[in-house]
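Reading through the structure tokens given below for one structure.
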Amino acid sequence: MTARWIPGRDARAALHPGATGALRSSQARTVVVVGGGIAGIAASVALAERGVGVTLVEREAQLGGRVRAWPVDHDGDRVTMSRGFHAFFRQYYNLRALLRRTDPALERLTGIGDYPLTLAGGHDDSFARIPRTPPFNLAAFVARSPSFTARDLSRVDIPAALELLDVDFPDTFSAYDGQSAAEFLDRLRFPAGARHLALEVFARSFFADPTEFSAGELVAMFHTYFVGSSEGLLFDLPTDDYDTALWAPLRSYLERSGAEVRTRETIEWLDVSDPEQVRAGLGSGGELTADAVVLAADPASTRRLVAGAAELGDDDWRSRVAGTRNAPAFAVWRLWLDRRVDPGRPAFLGTSGYGPLDNVTVLERFEAGAARWSADHQGSVVEVHAYALPGTGELGTGDLGTGDLDGLQARLRVELNRVYPELAAARVVGSEWLVKDDCPLVDTSPWIRRPEVSTPDPRVKLAGDGIRCDFPVALMERAATTGMLAANALLGDWGLAGHDLWTAPMQGRHRAVGRLRRAMAHRRDAAVS
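For the sequence shown, UniProt numbering assigns the number 529 to the last residue and increments by one with no breaks.
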């Protein structure tokens, strides 16, 4: 018997086969892909590999979207800036498959040993030496973590806690409609000392305040990253800046595959009134025509393009798209310092209770360009992040400028010095400051109402990390997955073979947990009545 191939170490990873069909198009099919982020790149690659003529349009000079990097100069030094740290988890099967197109062994990713979490005035948590296979990982973490005490655990609502193990996607997403992550943990009576693990790390990684972040997404993240997958909570980082390591090679791959990549270009309008072709207006003048279009743009751009395409969809669908919201703004501050961070510090540190500071990254620990700068200047390249900035959730402009935001920079420097005191006397020899608010908000509104990949017009597909997906995927992996799903939908309509996708298991690993949870909840409810 031949062993089943799996994309990682989890034998229970779920396969979602692409449709069968021809491997290459015999007709001159064409698609315009709007947006060169992960979703747009994934859709473009999936289409171009089947012989579809792709024109990928991206407004920035580089591909990568919210995971792009670009060059900057500091006193003659050519360095890079990005929109912040991103973790490439081992569960990101579809994103990693995309990267393997140009890096089959994923040699341009490197693992980090640990990413500790520190609570101000409290304790540190670590994921080092935690088993990777459920339920042993959960048991070991609870036993070793100072966040969980015996007294705290005795107060936990066990039936509610078992909901984290008793999942069935996509139904689990809808099961928590109207409930925030904070409310779910309140109902669970989650230990106060451990809430920073569940809220300050998980929820804020979506750039969302825990009171607005969907409880269904929180449960999905626990399943995907911890209790439902044996890949563990390990992740990799690119060995150089995002463009050098990831996206520039994929751009070359696309162009070798026959795709046209247009950077520094925008799509200003769509016209789907002609049943034979879709028209897309270019910001530079002129237009593109194609058989189909994939909208893989940022949320505000997608709303604008849909609103301007009067013939696209019915009133209900258009209202669903218009009803999407941007998450609060986030800030990224990259500092080139005249001295090095203590060598014992981790490459990445999550923080809670340090004001607006959410994490600290020491880039020379893994990024080649930063390492060269560090060696040349005997200094460090440090990046700090602040997520879900108060009072910015409804702006939706995509760019809040580069100036100070109510003293945020000064506060971040104070908190950085609290976390890493050796930097208090460090001089800043260069800095880049970025504040953006163009991420989707995964809120508590009904899951089924979120726009999905398919639209009322079969020639128009949506993709991105804010697009509804039946699978337990999130963030960069949701972008890659929906990009592939958008391409697969078009390929299937044209009789072409789709691409197989993989995810963490769609259900909890131990079905007996569900029966136990329901029995306990029934006994509790009967006792109350």
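Every residue, glycine too, gets a C-beta built ideally from N, C-alpha and C.
Through-space distance from residue j to residue i, alpha-carbon basis
{"i": "LEU233", "j": "LEU501", "result": "21 Å"}
{"i": "TRP494", "j": "VAL278", "result": "16 Å"}
{"i": "residue 573", "j": "SER284", "result": "A query on residue 573 cannot be resolved here, the shown segment of the chain reaching from 1 to 529 and no further."}
{"i": "ASP358", "j": "ALA370", "result": "21 Å"}
{"i": "TYR253", "j": "ALA497", "result": "20 Å"}
{"i": "ARG449", "j": "SER301", "result": "19 Å"}
{"i": "VAL321", "j": "ARG339", "result": "48 Å"}
{"i": "VAL341", "j": "SER380", "result": "6 Å"}
{"i": "HIS385", "j": "GLU276", "result": "47 Å"}
{"i": "ALA43", "j": "ALA480", "result": "8 Å"}
{"i": "MET506", "j": "ALA486", "result": "20 Å"}
{"i": "THR402", "j": "GLY40", "result": "Note that THR402 scores 45 on pLDDT, short of 50, meaning its location in the model is unreliable; the coordinates nonetheless yield the value given after this. C-alpha separation (whole angstroms): 27 Å."}
{"i": "LEU109", "j": "PHE235", "result": "9 Å"}
{"i": "LEU423", "j": "ARG372", "result": "20 Å"}
{"i": "LEU47", "j": "ARG251", "result": "14 Å"}
{"i": "PHE226", "j": "VAL382", "result": "28 Å"}
{"i": "HIS499", "j": "VAL52", "result": "14 Å"}
{"i": "LEU491", "j": "ALA297", "result": "20 Å"}
{"i": "TYR115", "j": "HIS510", "result": "28 Å"}
{"i": "PRO299", "j": "PHE213", "result": "17 Å"}
{"i": "VAL362", "j": "ASP209", "result": "25 Å"}
{"i": "ALA11", "j": "ARG4", "result": "8 Å"}
{"i": "PHE471", "j": "PRO170", "result": "6 Å"}
{"i": "ASP177", "j": "THR444", "result": "6 Å"}
{"i": "PRO390", "j": "ARG334", "result": "21 Å"}
{"i": "GLY228", "j": "VAL473", "result": "12 Å"}
{"i": "ARG187", "j": "PRO134", "result": "24 Å"}
{"i": "THR263", "j": "VAL294", "result": "16 Å"}
{"i": "HIS16", "j": "HIS223", "result": "18 Å"}
{"i": "GLY350", "j": "GLY344", "result": "15 Å"}
{"i": "ILE158", "j": "SER180", "result": "19 Å"}
{"i": "ALA347", "j": "ARG325", "result": "33 Å"}
{"i": "residue 533", "j": "VAL45", "result": "Since the first and last residues shown for the chain are 1 and 529, residue 533 lies out of range."}
{"i": "ASP240", "j": "ALA368", "result": "5 Å"}
{"i": "residue 533", "j": "ALA307", "result": "No answer is possible for residue 533: it lies beyond the span of the chain, which begins at 1 and ends at 529."}
Residues that residue i bridges to, as DSSP identifies them
{"i": "ASN94", "result": "Answer is none; ASN94 lacks a bridge partner."}
{"i": "THR263", "result": "GLU58"}
{"i": "THR239", "result": "Its beta-bridge partners do not exist; DSSP assigns none."}
{"i": "VAL272", "result": "In DSSP, VAL272 forms no bridge with anything."}
{"i": "residue 530", "result": "In the structure as shown, the chain starts at 1 and stops at 529, and residue 530 therefore has no counterpart that could be examined."}
{"i": "ASN359", "result": "GLY350 and HIS385"}
{"i": "VAL278", "result": "ALA290"}
{"i": "GLY509", "result": "The sequence given here has Arg at residue 509, not Gly. ARG509 is not bridged to any residue."}
{"i": "ASN326", "result": "PRO440"}
{"i": "PHE89", "result": "PHE235"}
{"i": "LEU335", "result": "VAL382 and SER431"}
{"i": "SER82", "result": "ALA69"}
{"i": "LEU109", "result": "PRO238"}
{"i": "ASP454", "result": "Strictly speaking, residue 454 in this sequence is Ser, with Asp absent from that position. LYS461, per the DSSP bridge assignment."}
{"i": "ASP124", "result": "THR118"}
{"i": "LEU295", "result": "VAL34 and LEU462"}
Same chain only: Cβ atoms within 8 Å of residue i, ignoring 5 sequence neighbours per side
{"i": "ARG9", "result": "ARG90, ARG132, SER230 and GLU231"}
{"i": "THR455", "result": "LEU312, GLY313, TRP317, LYS461 and LEU462"}
{"i": "LEU282", "result": "VAL57, GLU265, THR266, ILE267, GLU268 and LEU288"}
{"i": "TYR93", "result": "PRO7, GLY8, ALA13, GLU477, LEU501, TRP502 and THR503"}
{"i": "TRP70", "result": "GLU60, ALA61, GLN62, THR80, MET81, SER82 and ASP243"}
{"i": "ARG418", "result": "ALA120 and TYR354"}
{"i": "VAL429", "result": "HIS74, ASP75, TRP336, LEU337, ASP338, HIS377 and GLY379"}
Own chain, CB closer than 6 Å to residue i, minus 5 neighbours either side, in chain order
{"i": "CYS378", "result": "In the sequence on display, residue 378 carries Gln and not Cys. Closer than 6 Å at Cβ, skipping near neighbours: no residue."}
{"i": "GLU217", "result": "VAL442"}
{"i": "PRO249", "result": "THR102"}
{"i": "LEU95", "result": "MET476, GLU477 and ALA480"}
{"i": "GLY508", "result": "LEU165, ASP166 and VAL167"}
{"i": "ALA19", "result": "GLY492 and GLY498"}
{"i": "ALA290", "result": "THR30, VAL31, VAL32 and VAL278"}
Cβ-based neighbour list, residue i, same chain, cut-off 7 Å, excluding 5 preceding and 5 following
{"i": "LEU99", "result": "LEU106 and LEU246"}
{"i": "PHE207", "result": "ALA327, PRO328, PHE330, TYR387, ALA388 and CYS439"}
{"i": "VAL72", "result": "VAL79, THR80, MET81 and GLU432"}
{"i": "PHE173", "result": "GLY216, ALA220 and TRP447"}
{"i": "PRO451", "result": "ARG320, VAL321, THR324, LEU462, ILE467 and ARG468"}
{"i": "ARG411", "result": "GLY355 and PRO356"}
{"i": "ALA160", "result": "ARG187 and LEU188"}
Near the ligand FAD: residue i beta-carbon under 7 Å from a heavy atom
{"i": "LEU496", "result": "With respect to the ligand FAD, the structure shown offers nothing to examine, as it has no ligands at all."}
8 Å Cβ cutoff, residue i in contact with chain C
{"i": "LEU162", "result": "No chain C is part of this structure, which consists of one protein chain only."}
**Q.** In chain order, each beta strand (DSSP E) run of at least 3 residues that lies wholly inside the segment 17-71
**A.** 30-34 and 53-58
- Where in the segment 147-224 do unbroken runs of the alpha helix (DSSP H), each at least 4 residues long, occur, reported from the N-terminal end onward? 150-154, 158-162, 171-175, 181-188 and 215-222
Could I get the ranges of all uninterrupted beta strand (DSSP E) runs contained in the segment 460-504, with 3 residues as the minimum, in chain order?
-> 460-462 and 501-503
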